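Working notes for the structure below.
In my numbering, the protein residues as written are 1 to 303.
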């Protein structure tokens, strides 16, 4: 859900990217759909969240028992048909009460699904693939005042099996004093779940991608004394959240939100104690390295 103030009425929406491998390299199909907030269906009895009653754009199921994502829509000459069922779902986690403070303003973050297994299908036009793999989902909520206080956001997800998974989520405030961050690492290793707060970015090198300077390598310090290094290895997708607005509305939105909203998604490596221990898939809602990232919706990652 998003509210851009006087630029447009509040909306709920969905954003989907489908990557289909091919002989000439992968092709990415993207679609965004949104509807006025009045159309939103929140069916608590059936645990269903649907953007509009007559549209097959929905999440349903009571976590952690079950979850389903169903998307059927057409836009810009493409038809998207996605139906995914989640199983073996790890219960949700928050750090503390799930709220973080940025200069007196609050930002909330909840990891709905740290790990799950997924089956189903994904189709774009006449290209259909059966889907099976792993999934992760979280949610961040914030307001216009907190949005303008943030500079960038980062998320990294690694999913091996139900006893071995890892996710890191953190935000860098606009003032950037001593590169202090808010966020945390949530991971399960050999069957044991652990958490640690991301205290600060101790070192960062940048690279210019799609006209933006984004992080190439970051060293971060945790509240338990650990130091991690994250290196971006491959970019798969760039997405502008404001891309579908006209230039006048887009300029006004930049002023309202405090900057452009761009997601970068791809792969990265995590080094712990000078050893490469994981290759991460970086995901969307602040998603690889985002200059002025302002995501207001849930995110799903299937591998």
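For glycine and all other residues, C-beta sits at the position ideal for the given N, C-alpha and C.
All values reported here derive from a predicted model rather than from experimental measurement.
So what's residue 44 in DSSP terms, helix, strand or just coil?
-> coil
How many angstroms separate the CA atom of residue 140 from the CA atom of residue 88?
-> Cα to Cα, the separation comes out at about 23 Å.
Among 227, 216, 222, which has the Cα closest to the Cα of residue 234?
-> 216
Looking at the structure shown, is residue 263 part of a helix, part of a strand, or coil, going by DSSP?
-> strand
Helix, strand or coil: how does DSSP classify residue 38 here?
-> Assigned with DSSP and collapsed to three states, residue 38 falls in helix.
State yes or no: is the C-beta of residue 264 within less than 9 Å of the C-beta of residue 209?
-> yes
Residue range of the beta strand (DSSP E) that residue 185 falls in?
-> Here the beta strand (DSSP E) through residue 185 covers 182-189.
Nearest candidate by alpha-carbon position, reference residue 203, set 218, 196, 213, 211 | 218
Indicate the three-state DSSP secondary structure (helix, strand or coil) for residue 311 in the structure shown.
-> The structure shown has nothing for residue 311, since the chain only spans 1 to 303.
Assign residue 268 to one of two classes, buried (16 or more other C-beta atoms within 10 Å of its C-beta) or exposed (fewer than that).
-> buried
Answer yes or no: do residue 50 and residue 59 have a C-beta to C-beta separation smaller than 9 Å?
-> Between residue 50 and residue 59, the C-beta gap is smaller than 9 Å, which places the two residues in contact.
What does a CB cutoff of less than 6 Å around residue 168 pick up in its chain, not counting 5 residues either side in sequence?
-> 156, 185
With a floor of 3 residues, list each beta strand (DSSP E) that falls wholly inside the segment 103-139, ordered by position along the chain.
-> 105-124
Can you tell me the Cα-Cα spacing of residue 55 and residue 212, whole angstroms?
-> 36 Å
Closest by CA to residue 74, which one among 124, 173, 150?
-> 124
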